[in-house]
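Colleague: Mind having a look at this structure? Questions to follow.
Protein chains: 2
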Amino acid sequence: MEWLNNGINSPKGFKSAGIHCGVKRKRKDLSIIVSKSPCQYAGVYTKNLVKAAPVIWNMERLNKNDLIFGVVINSGNANACTGEKGYKDCVNMAIQFSDGLNELKYNTIIKKENVLVASTGVIGIPLKMNVISEGINTIVKTASSSKKSGLDAAEGIMTTDKFTKVKALKIKIKDKEVIIAGMSKGSGMIHPNMGTMLSFITTDANISSELLTEILKESVNDTYNMISVDGDTSTNDMVIVLANGESGSCEIIKNSEEYYVFKEAINKLNEELGKLIVKDGEGATKFIEVQVNEMNNVEEAKKMVHAVITSNLVKTAFFGEDANWGRILCALGYSGADFDPSKVDIKYVSASGEILLLDQGQPVKFDEDYALEILKQEEIKVIVNCNHGNSSAKGWGCDFSYDYVKINGDYRT
Amino acid sequence: MEWLNNGINSPKGFKSAGIHCGVKRKRKDLSIIVSKSPCQYAGVYTKNLVKAAPVIWNMERLNKNDLIFGVVINSGNANACTGEKGYKDCVNMAIQFSDGLNELKYNTIIKKENVLVASTGVIGIPLKMNVISEGINTIVKTASSSKKSGLDAAEGIMTTDKFTKVKALKIKIKDKEVIIAGMSKGSGMIHPNMGTMLSFITTDANISSELLTEILKESVNDTYNMISVDGDTSTNDMVIVLANGESGSCEIIKNSEEYYVFKEAINKLNEELGKLIVKDGEGATKFIEVQVNEMNNVEEAKKMVHAVITSNLVKTAFFGEDANWGRILCALGYSGADFDPSKVDIKYVSASGEILLLDQGQPVKFDEDYALEILKQEEIKVIVNCNHGNSSAKGWGCDFSYDYVKINGDYRT
């Protein structure tokens, strides 16, 4: 397994592009991913009852087992809470995108049902369909497999993100090289209840949609569902995997050796993309990893991780570089998990060292200056030992700063 | 039913006091409530698995049906997450308080089990028992039924609160006047999962501990459990009611006419105290009432209210005076309640007027200037009609400002 410095268009047979079409004032706001051959498709979508139009469209494609040739994504407007018009706009995006692809003369006629749509940005405002239509006509002609096109695509899906989020991995499936590449966007309305953002993964692996879906669902539970920026589950969250088989590798069959290699790679990729989303969390100045160890089962340990990474009081304490471990214990206490507070250890770890704050439920007298040194780092680990079993869970969050309030106090206007 | 401008010591037979003893630098930090005759006692406590020492002490008193003569409360330190020493300190507070009361020559010998203890403030740090012990010796001698002593007691329980929270009601139980008085403190770590703060209620009504407990539990569900400042459920939350029967009224029996009068009064008092806590929420600049109407059942409607009042994105939008109704619909969507988004209406109401933003799931074109006028007010109502039944629920929250981050970024140090 090897990390590559490549984009979403690096697996064989994939192209991408990203342009500015006019939804946003200046920054890129339209991206596409296309495959020359039909893709097996897996998707996991927001559990929010209020689903954006493109989420509904893509779920329909999944239910009907449609083969997929590409995804068109606009940023700047989520096309969520936009009523019937929103759904029509989404269908029109699919029509225009598939029409555009057909002009490029693929082997097959691509129907609107063979493409996916994603939107991200402000909710409750109709799409500017005129600029998007024109944009789609332009962008289909610019798709390429160049490094620049990969980067352009990653830029086109950003909203309040400060940096692009791209990761790619090379694995061996028997004798063949297989690439798995991903790109994501955050960075507010991020909360673990499924994907909680946009994430696109392409691969030239040969795998069925059913197995891909199974692997994706498992992976999402341990990766994207274990991150939180602000506790709000979006209307638009999705993780999409497209596999076109162009690597020429053998088909990946469940429980085979290749299956485990592929699954681990998907997991690694999702974990790294998830961490990038948190690192770029709105207003975030610190990246917090929370590990709960020695619990009696994983689900309980996950509840505890969630409570800590979503606690506003914990998050503001990290922003203030205050070793306020009591707020961590408090959050563990209301997590709903069943553990014995009198057996818990809490430790902070960073590049500056580590410090034990709670030892078997008893507060430890600690050196405040040393604690501050540890908390001054940008990446901090919180390690909780429950002395209550052998299961553990990990999750990732960020601190809560003035800037989060600033960004979200006037995001729409 | 008549509101009185009186304190916690206004029901017959109650006295109170509040002083500065030295836990905090300057502000009052120690309060007591005492009754000349034994009280029936009801209490509802935090559901956080991590319970502060005084919570454990008071729950033991409840389980053992102890009669209660008073409560001693310190602020500035929550005596939570303080290990075994914390519990011993709490028991010592009870011993010193009961000893002090005995010196005042009551008719009965008051044992430590006849008093309650409460603490609020920073967690994880041992109590300064020397200053608290001295303080208790002093304060027991100063308790009185004067207006000033009532106010002093309300001041002594404050932490980051900016104003005292006191309410009193007069009702008639048959021919007798009965007073119910309450005082509370907020103002961070406030989240609906039981009492979520300290609240003390005294009454000279004649009522059994069992019935008082039943009434209190029901009331807490509709009042304190429907407020949120920051989504964090504290380790120290408690609502305590003490009833000493000194009004000379007949005993309040379940389902009698008097029962309903008394119950309604307790509810009103709790609702008003809950609202005061939210209005004084850490960093709050706006008070938000959320009403969900026309749902198919109350529990579902409550879930929806909770999701809206706890959403950081909704809260920052109110801080920014941005009519971002999409975030409200998004929060309703992930609340877990089952409703039809395409039938929902959303309306904002304030002293400046009202504005419909979503009509049967369809966005309404609205005048942004008029919306801003409505949002400029300090008190705003969000009204959600689900067109999905006849049940409704109400809850109260506040906005999320820079100051919340500031206050909690350096609360401990």
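Protein chains in written order, with the numbering used here: chain A, -2 to 410; chain B, -2 to 410.
Even for Gly, the Cβ is constructed at its ideal location relative to N, Cα and C.
Excluding the 5 residues preceding and the 5 following V287 of chain A in the sequence, name in chain order all residues of the same chain whose CB lies nearer than 6 angstroms to its CB.
Modeller: V302, V305, I306, V379, G392
Colleague: Hey, A390 of chain A and V311 of chain A are a contact pair by Cβ (cut 8 angstroms); roughly how many whole angstroms apart?
Modeller: Not a contact, Cβ separation roughly 16 angstroms.
Colleague: Using CA atoms only, rank isn't needed, just tell me which of B:A75, B:M56, B:L101 is closest to K33 of chain B.
Modeller: B:L101
Colleague: At what residues does the beta strand (DSSP E) containing S34 of chain B begin and finish?
Modeller: 27 to 42
Colleague: Buried or exposed: L372 of chain A, going by 16 or more other Cβ atoms within 10 Å of its Cβ?
Modeller: buried
Colleague: Output yes or no for whether 7 angstroms exceeds the beta carbon distance between L213 of chain B and V238 of chain B.
Modeller: yes
Colleague: Which residues of chain B have a Cβ atom closer than 8 angstroms to the Cβ of F259 of chain A, listed in chain order?
Modeller: Those within 8 angstroms of F259 of chain A in chain B number zero; the least Cβ separation is about 32 angstroms.
Colleague: Quick one: is M236 of chain B near chain A, going by C-beta distance under 7 angstroms?
Modeller: The question names Met, yet the displayed sequence has Val at residue 236 of chain B. Chain A contact via Cβ: absent.
Colleague: Express the C-alpha separation of A314 of chain A and I154 of chain A in angstroms, rounding to a whole number.
Modeller: 32 angstroms
Colleague: Under the assumption that Y258 of chain A contacts C395 of chain A (Cβ atoms under 8 angstroms), give the Cβ distance between them as a whole number of angstroms.
Modeller: According to the sequence as given, residue 258 of chain A is Val; it is not Tyr. The pair is not a contact, with the Cβ atoms about 32 angstroms apart (cut-off 8 angstroms).
Colleague: Is D356 of chain A near the ligand MN, judged by its Cβ being under 6 angstroms from some heavy atom?
Modeller: In the structure on display, the ligand MN does not appear, and there are no ligands present to speak of.
Colleague: Considering only C-alpha positions, which residue in the set A:A39, A:N45, A:L46 is nearest to N55 of chain A?
Modeller: Nearest Cα to N55 of chain A within the set A:A39, A:N45, A:L46: A:A39.
Colleague: Can you find a CB in chain B that lies within less than 7 angstroms of the CB of L64 of chain A?
Modeller: no
Colleague: Who are the neighbours of A151 of chain B on chain A, taking C-beta pairs under 9 angstroms?
Modeller: Those do not exist, as A151 of chain B stays about 24 angstroms from chain A at its closest Cβ, beyond 9 angstroms.
Colleague: Taking 8 angstroms as the limit between beta carbons, can you name the residues of its chain near K340 of chain B, skipping five residues before and five after?
Modeller: Q357, G358, C383, N384, H385
Colleague: Which residues mark the beginning and the end of the alpha helix (DSSP H) in which Q288 of chain B is found?
Modeller: That residue, Q288 of chain B, is in no alpha helix (DSSP H); its beta strand (DSSP E) goes 284 to 292.
Colleague: Helix or strand or just coil, what does DSSP make of Q93 of chain B?
Modeller: helix
Colleague: Is there a Cβ from chain B that is less than 7 angstroms from the Cβ of Q359 of chain A?
Modeller: Interface residue, yes.
Colleague: Below 7 angstroms between beta carbons: does that hold for A110 of chain A and D172 of chain A?
Modeller: Reading the sequence as shown, one finds Glu at residue 110 of chain A and not Ala. No, they are not a contact pair.
Colleague: May I ask you to report which of helix, strand or coil DSSP gives K276 of chain B?
Modeller: helix
Colleague: Starting from S216 of chain A, trace the alpha helix (DSSP H) both ways and give me its first and last residue.
Modeller: Per DSSP, S216 of chain A belongs to the alpha helix (DSSP H) from 206 to 219.
Colleague: At which residues does the alpha helix (DSSP H) containing G153 of chain B begin and terminate?
Modeller: G153 of chain B -> alpha helix (DSSP H) spans 144 to 153.
Colleague: Of all Cβ atoms in chain B, is any one closer than 7 angstroms to the Cβ of V47 of chain A?
Modeller: yes
Colleague: With distances taken between CB atoms, is the gap from A202 of chain B to A262 of chain B smaller than 7 angstroms?
Modeller: no
Colleague: For K159 of chain B, which of B:K138, B:K145, B:I136, B:G183 has the nearest alpha-carbon?
Modeller: B:G183
Colleague: Determine, using beta carbons only, whether S181 of chain A and G280 of chain A come nearer to each other than 7 angstroms.
Modeller: By the CB criterion at 7 angstroms, S181 of chain A and G280 of chain A fall outside the cutoff.
Colleague: Identify, in the order they occur along the chain, each residue of the same chain with its Cβ nearer than 6 angstroms to the Cβ of Q374 of chain A, setting aside the five sequence neighbours on each side.
Modeller: S347, A348, S349
Colleague: Sort B:E269, B:L355, B:I30 by Cα distance to K344 of chain B and report the nearest one.
Modeller: Sorting B:E269, B:L355, B:I30 by C-alpha distance to the C-alpha of K344 of chain B places B:L355 at the top.
Colleague: At least one CB of chain B closer than 7 angstroms to the CB of P338 of chain A: is that the case?
Modeller: It does; some Cβ of chain B falls within 7 angstroms.
Colleague: Counting only beta-carbon atoms, is I120 of chain A nearer than 7 angstroms to chain B?
Modeller: So, interface residue.
Colleague: Using the beta-carbon of each residue, which ones in chain B are nearer than 7 angstroms to F413 of chain A?
Modeller: An answer regarding residue 413 of chain A cannot be provided, because it is not within the stretch -2 to 410 covered by chain A.
Colleague: Who are the neighbours of V52 of chain A on chain B, taking C-beta pairs under 7 angstroms?
Modeller: Within 7 angstroms Cβ-Cβ: nothing; V52 of chain A doesn't reach chain B, min ~11 angstroms.
Colleague: Anything in the stretch 387 to 404 of chain B with a Cβ closer than 7 angstroms to a Cβ of chain A? List those residues in chain order, please.
Modeller: F397, S398, Y399, V402
Colleague: Would you list, in chain order, the members of the stretch 145 to 175 of chain B that have their beta-carbon closer than 8 angstroms to a beta-carbon of chain A?
Modeller: none
Colleague: Among the candidates B:K299, B:E291, B:D234, B:G245, whose CA atom is the shortest distance from the CA of I70 of chain B?
Modeller: B:D234
Colleague: Which stretch, first to last residue, makes up the beta strand (DSSP E) that contains N74 of chain A?
Modeller: 65 to 74
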